[in-house]
Amino acid sequence: MKSLYEIRFSGSGGQGIITAGMVLGEGASLFDGKYVVQTQSYGPEARGGACKTELIIADYPVNYPKPILADILLAMSQAAYDKYIHEIKDDAFVVVDSSLVQYKPAKGVYPVPITKLAAEEVGLKVTANVVALGVISSLTKIASYEALERALLSRVPRGTEEINKKALALGKKLEFKDNV
Amino acid sequence: MLFYKLFKDKDGRKVGFVQANEACIEAALLAGMRFFAGYPITPSSEMASVSSEKLPMYGGKFIQMEDEIAAMTAVCGASMAGLKAMTATSGPGFSLKQEAIGYAAMNEIPCVIVNVQRAGPSTGLPTQVSQGDVMQARWGTHGDHPIIVLSPSTVVETADLTFDAFNLAEKYRTPVILLMDETLAHMREKITLPAENELKLVERKRATVPPSDYRSFDTRFGDVPPFEPYGGKYHFHITGLTHDEMGFPIVEPDDVVKAMDRIHRKINNNLDDIVKVKQFQTDDAEILLVSFGTPVRTCLGAMEIGRKEGLKIGVLQLQTIWPFPDKAVLNLAKKIGKIFVVELNMGQIINEVQRASQGKSNIKGINKYDGLFISPDEILSHILESKG
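Protein sequences, first through last, are from chains H and B. Position 52 of the first sequence, counted from 1, bears residue number 131 in my numbering, the numbering being contiguous throughout. Position 168 of the second sequence, counted from 1, bears residue number 155 in my numbering, the numbering being contiguous throughout.
Here it is in structure tokens:
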């Protein structure tokens, strides 16, 4: 584990990208005891087009609040992938929603059909952001499942707790391969 | 609708992963704020939104007014009636509030005004960051007037300086401005709110004389007059006109000077209590970065990187920007030969740094005004460029 991670989640407005960032931030800071700062695209740029949230998760207080080169990139749309795939570190984890994005296989690039899994395995397409969180937690260990689940359940609408737990847990069952 | 939740930590304190806008209102509620009047405007809107949800739970009142002018006058009225009151806005709204801010300064009405800066002039760039309102915060309303302006750089500091803002407002019977910026306003970090018994709250001085002997601008008890709620047992006159101790208009030159001197003296004689700065690695610094608000964090980032490359950088953070921290700037200017003033505008606070440093140091500005936040690389490249 590194002592500081720069993280970028990106996709289209409506995919729950920012909510995913809030859940990760809250879980890591309040329940895993990390230092976290989260920022997000705001205003016109957040609607419809490319949408992103950025986090820094560290073992010590964070000064400059914005990531430059990502250690972890989540790309949930083609536009997001094309825009941010070059702004990563050499040893970065890149999680690509392969049901939506044409990507170039490479070391550290993990294709997961996130939206398809949400629709078919969880049974609710809009849980794709939660599936993505589970995948990222399993793959990178950036936040514990327990912390994410606690933060998640404090934010989801009443009555959707079980399906969200199922979506988050999906990541535990998957096997990940890069460079395929 | 609230987009955050507070949890209890193991010591029973409330913790949350919140935006600075949300942290400000949570802190204000703990500081005793019981009245918020506002006209929501980006990037401050969350403050009105959170206030509208939470104030009723605390027995307080939230009013969405017809415009920013009315919001500020409502805040003056609520505070005169005895409540701790605030409003929040951004550039265009801050411009509209200026008349009533002057009224608050003249009548010594404690209140807190938050300005989350966005790029201007006029409606400018509503969703983008700026620090272009530094001089407006000081001189936006007409006439010589005292004002206190605080500027936080983290979510935690937003909560801390919100407490300070309410305490200073009550202690000195003055409007206090919390000058934030868009980047901070929408940034999330963890806050831990103090437990109720840990709060050190200041309440305004109340009258110790009977109503028959009350003067609304009494000078018998020091430079800060006791303030009784308007509409209570104590009847008094209040006006924006220059006034005597009874609150009635005056024109006699000696009386005018006396009144003006006192409202300034109550601030200027207490600079050690009011003015706060933070220093980072200034002991051995050869280059000093002076900044305020969120860009302080970029300065600290540049300091970390620069020091690894042998650049002895230190940082002076101005938490209080008005009254300007003359003493701290002069002391550092005397020992550090190069000062860079980092601000997200075309150069405002740099003029104060130049004045305060009395020619003791070589001062340059690092300015960014394209609506984006500044990065450590941008600061470092300016430093390296000036080295040649």
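Even for Gly, the Cβ is constructed at its ideal location relative to N, Cα and C.
Are the beta-carbon atoms belonging to residue i and residue j less than 8 Å from one another?
i                     : j                     : result
residue 180 (chain H) : residue 156 (chain H) : yes
residue 213 (chain H) : residue 249 (chain H) : yes
residue 168 (chain B) : residue 280 (chain B) : yes
residue 303 (chain B) : residue 264 (chain B) : yes
residue 152 (chain H) : residue 211 (chain H) : no
residue 92 (chain B)  : residue 198 (chain B) : no
residue 228 (chain H) : residue 245 (chain H) : no
residue 195 (chain B) : residue 171 (chain B) : no
residue 373 (chain B) : residue 351 (chain B) : yes
residue 90 (chain H)  : residue 159 (chain H) : yes
residue 267 (chain B) : residue 290 (chain B) : yes
residue 89 (chain B)  : residue 64 (chain B)  : no
residue 25 (chain B)  : residue 67 (chain B)  : no
residue 349 (chain B) : residue 326 (chain B) : yes
Looking only at DSSP bridge pairs, what is residue i linked to?
i                     : result
residue 354 (chain B) : B:330
residue 105 (chain B) : B:116
residue 99 (chain B)  : B:73, B:163
residue 278 (chain B) : B:304
residue 82 (chain H)  : Partner(s): none; residue 82 (chain H) has no beta bridge.
residue 267 (chain B) : B:302
residue 91 (chain H)  : H:129
residue 370 (chain B) : Its beta-bridge partners do not exist; DSSP assigns none.
For residue i, decide whether its Cβ has a neighbour in chain H, counting only Cβ atoms nearer than 8 Å.
i                     : result
residue 214 (chain B) : no
residue 288 (chain B) : yes
residue 93 (chain B)  : no
residue -5 (chain B)  : no
residue -8 (chain B)  : yes
residue -12 (chain B) : no
residue 173 (chain B) : yes
residue 291 (chain B) : yes
residue 33 (chain B)  : no
residue 176 (chain B) : yes
residue 310 (chain B) : no
residue 284 (chain B) : yes
residue 363 (chain B) : yes
residue 2 (chain B)   : yes
residue 81 (chain B)  : no
Leaving out five residues before and five after residue i in sequence, what residues of the same chain have Cβ atoms less than 6 Å from its Cβ?
i                     : result
residue 292 (chain B) : 363
residue 119 (chain H) : 97, 132
residue 235 (chain H) : 243
residue 50 (chain H)  : Only positions 80 to 259 of chain H appear in the structure, and residue 50 (chain H) is not among them; the question remains open.
residue 94 (chain B)  : 225
residue 141 (chain H) : 114, 116, 135
residue 250 (chain B) : 133
Of all the CB atoms in chain B, is at least one closer than 8 Å to the CB of residue i?
i                     : result
residue 212 (chain H) : no
residue 235 (chain H) : no
residue 146 (chain H) : no
residue 175 (chain H) : no
residue 142 (chain H) : yes
residue 94 (chain H)  : no
residue 101 (chain H) : yes
residue 105 (chain H) : yes
residue 157 (chain H) : no
My understanding is that residue i touches residue j, with C-beta atoms under 8 Å, so please give their C-beta distance in whole angstroms.
i                     : j                     : result
residue 214 (chain B) : residue 192 (chain B) : 7 Å
residue 62 (chain B)  : residue 98 (chain B)  : 5 Å
residue 284 (chain B) : residue 140 (chain B) : 6 Å
residue 329 (chain B) : residue 274 (chain B) : Wrong, their Cβ atoms sit about 12 Å apart, outside the cutoff.
residue 207 (chain H) : residue 106 (chain H) : At roughly 18 Å, the Cβ-Cβ gap does not stay under 8 Å, so residue 207 (chain H) and residue 106 (chain H) are not in contact.
residue 18 (chain B)  : residue 71 (chain B)  : 7 Å
residue 164 (chain H) : residue 173 (chain H) : 7 Å
residue 75 (chain B)  : residue 103 (chain B) : 7 Å
residue 165 (chain B) : residue 137 (chain B) : 5 Å
residue 45 (chain B)  : residue 21 (chain B)  : 7 Å
residue 81 (chain B)  : residue 123 (chain B) : 7 Å
residue 182 (chain H) : residue 191 (chain H) : Actually they are not in contact, since the Cβ atoms of residue 182 (chain H) and residue 191 (chain H) sit about 11 Å apart, beyond 8 Å.
residue 178 (chain B) : residue 2 (chain B)   : 7 Å
If I measure Cβ to Cβ from residue i and keep anything under 8 Å in the same chain, skipping five residues before and after, which residues do I get?
i                     : result
residue 270 (chain B) : 301
residue 107 (chain B) : 78, 79, 117, 119, 120
residue 204 (chain B) : 95, 212, 230, 231, 232, 233, 234, 246
Can you name, in chain order, every residue of its own chain whose Cβ lies under 7 Å from the Cβ of residue i, other than the five neighbours on each side?
i                     : result
residue 343 (chain B) : 311, 313, 316, 317
residue 148 (chain H) : 85, 166, 167, 168
residue 262 (chain B) : 307, 310, 312
residue 41 (chain B)  : 12, 16
residue 110 (chain B) : 79
residue 38 (chain H)  : Past the edges of chain H, shown from 80 to 259, lies residue 38 (chain H), and the structure says nothing about it.
residue 258 (chain B) : 310
residue 244 (chain B) : none
The ligand SAM heavy atoms versus the CB of residue i: any closer than 7 Å?
i                     : result
residue 353 (chain B) : Ligands in the displayed structure: none, and consequently the ligand SAM is not present.
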